[in-house]
Structure formats: C-alpha cells, structure tokens
Amino acid sequence: MTRCALALTVAVVLTATGCDSSYQPATAVAAPPPVAEKEAHSALSTEEGGFLATGPIVVENQIDVVALRAGVISGINFDVGRAVRKGEVLATLDDRQLAAERDAATSKVRSSEANLKDWEAEAGVADADLRRAQAMRDAGINTIEELDHARYKVTASQYEIEKAKQDSNTNQHNLRALELELEKTRITAPFDGVVARRYLRKGQSVAVGDRLFWVTAVAPLLVEFTLPERFIVAVKKGQTVTVTSADSSTAVKHAARVIDVSPVVDPSSGTIEVRAQIEGPAPDLRPGMLASIRIGSPR
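Quick note, our numbering runs 718 ahead of the 1-based positions in the sequence shown.
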C-alpha cells in the first residue's frame, strides 16, 4: 500500500505540471542594494554650486568650576548671565580657621628667622673666642685643651646655624601651604566669559570636586561639522565657508575660516571632521546653537 500511494502521488504531480503550459519556475526577486553607510550618515545636502552641512556652534573654553577644598559657602559674587574676567572671585568659602592658622605660621617664620640671626651672632662670638684662644696658646698663656674647647664651640655654632636655617625653611613651606589652601577658598573664573549656570547657595556645605559654576566663553565662536571623505583634499586650512543659524530662513550670513581638518576618515561613517572659526561679531549666534554651513563642491 505504501509503494502504490507513493507512485500515485508522483504521477499526479508529473501530470499536473505537464498539462499546465503556463507554469513558470519561481525566481527570487533581487532586493534593492543597501544604502551605503557613509551616505546614510552624511549630514550634507546638495545645493546649487555647493553643499550644505549642519553642526553645533561651540567655544574652546567651557568648563564646570569645582570646589578644590571642602567648606561652607560664605559669599556669592556672580550669578547666571554675568560676564566675568579671568581671576575674578565668583564665590568664597569660610576661611576664618585657615586665616588663623596662616597668622600662626607667619609668627613661626618670623621666630625662626630671629633664631637664625641669634645663632649667626653666636657663631661670630665663637670665632672671636677661637682667635683669642689661638693667640693665647701661641703666647703659652693657655693650654691646648682650652684651644680645643674654642674650636668645638665654633663647630657647634655652625651646626646650630644649619639647624636654624632648616627650621626656617620648614616654617616658610608650611606658611606657603596654608596660603595655597586660603587661595582655594576663593573660587575664581578660569578665563573671560559668562556664568552659564550656578549650582551653589550661600551657606551650603561643599566637598572637594562639587560643581559650583558653569563658566563658558563667548568668543571666538567655532562651528564643528562633518564632510564626506571626498572633501579631504578639497578642504584646506584657511578656506572660507558661510555660516548661518539653522532655524531661521532670514538668518544673517557669517564668514568662517577653516582652522582644523581631520587628517583621517572615520571608517564607520566615511566622513571627516572640520572646525571653522567665525570671523567678526555674530550677535545672532550663541554657543550650543545648530548652524548651517555652506561649502563649495570639491573639484
């Protein structure tokens, strides 16, 4: 029964295919070619006479100012939006304990300096005693032991002077260390710019490394963008591109000079990184904004 059923099935299949003249074997439909990865990642669009890229506007100096020592905030001199100059004190920590320790260290320095001068004077007396003892010994007035005593006193005075010098140096270093700690209680601006954020409050206790302010420069403005790898020989340092705000159709055009071109191609996107510096004033542009960059086509 099994062999007969199998034979019957094969016969039916052969008969069906032989009778249907319209039968065509199935063919695989070719899938559309995948989009090249570098084209998928390209931020460019073709324009007449060039290309349009987009990228953020940045500044070179932008940093979170952190606490260099633990303490309590005793004063805040600048708030968000205020322009600052390099070295200006943004806020202060309570420094009363450190100031007292600094004053005590200053007194120790003065004391050690006076002690050094005292031993230098003592060494002068010992030298005079040695010369007198030598003269008396030459005249046969005193003994050799008295002359040796005068020599030992001179040697001891020299050692005391060296000890006083080291004590003075140690006290001066301790004073300098306290002065450096006092400087850490004054939170200063690292460069010219503007206070973008304030994270602290008066009376707040802060630890080493806590963020206190976010300070950002406002100039010079830079724009960062990527170009396809074919631009690697076409874009040069010093070349001029046009920059506008990306979210305004009536944006003012600004000239920017290319200052950096990546010497290598990013293998994941097939692009190169470019940085350009905006020339002249640009009151309509701010760090963090998205900009449009127009650049000529590579030849």
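Cβ coordinates follow ideal geometry from the N, Cα and C atoms, glycine included.
Residue pairing by DSSP places residue 959 opposite 974 in a beta bridge.
For residue 847, the secondary structure class from DSSP, reduced to helix, strand or coil, is helix.
If you keep only unbroken beta strand (DSSP E) runs of at least 3 residues inside the segment 772-860, you get 780-784, 789-794 and 807-811. Runs of the beta strand (DSSP E) spanning 3 or more residues and lying entirely within the segment 878-961 occur at 904-906, 911-916, 929-934 and 939-946, in chain order. Taking the CA atoms as reference points, residue 1010 sits about 6 Å from residue 963.
With contact defined as three or more Cβ pairs closer than 8 Å, the segment 874-886 and the segment 897-905 are not in contact. With respect to residue 934, residue 777 sits close: the two C-beta atoms are nearer than 8 Å. Looking only at 850, 810, 926 and 997, the smallest Cα-Cα distance to residue 958 is reached by 997. About 5 Å separates the Cβ atoms of residue 812 and residue 792, confirming a contact at the 8 Å cut-off. Per the C-alpha coordinates, the member of 827, 818, 835 and 942 positioned closest to residue 989 is 942. Under the three-state reduction of DSSP, residue 1003 is assigned to coil, being neither helix nor strand. CA-CA distance, residue 961 to residue 908, rounds to 29 Å. DSSP, reduced to helix, strand and coil, places residue 874 within a helical segment of the structure shown. Only exposed fits residue 956, as fewer than 16 other CB atoms lie within 10 angstroms of its CB. Of the candidates 859, 868 and 861, 868 places its Cα closest to the Cα of residue 842. At the C-beta level, residue 1004 and residue 782 stay beyond 8 Å of one another. Judged by DSSP in its simplified three-state form, residue 994 adopts strand.
For residue 866 and residue 849, the gap between their C-alpha atoms comes out near 12 Å.
Around the beta carbon of residue 1008, fewer than 16 other beta carbons sit within 10 angstroms, so the residue counts as exposed. Residue environment for residue 818: exposed (fewer than 16 other C-beta atoms within 10 angstroms of its C-beta). Annotation for residue 1009: the continuous beta strand (DSSP E) segment containing it runs 1008-1014. Taking the CA atoms as reference points, residue 915 sits about 12 Å from residue 808. Minimum Cα-Cα distance from residue 885 among the listed residues 925, 832 and 853 corresponds to 832.
Of the candidates 917, 871 and 779, 779 places its Cα closest to the Cα of residue 1006.
Put simply, the backbone Cα of residue 947 is about 12 Å away from that of residue 986.
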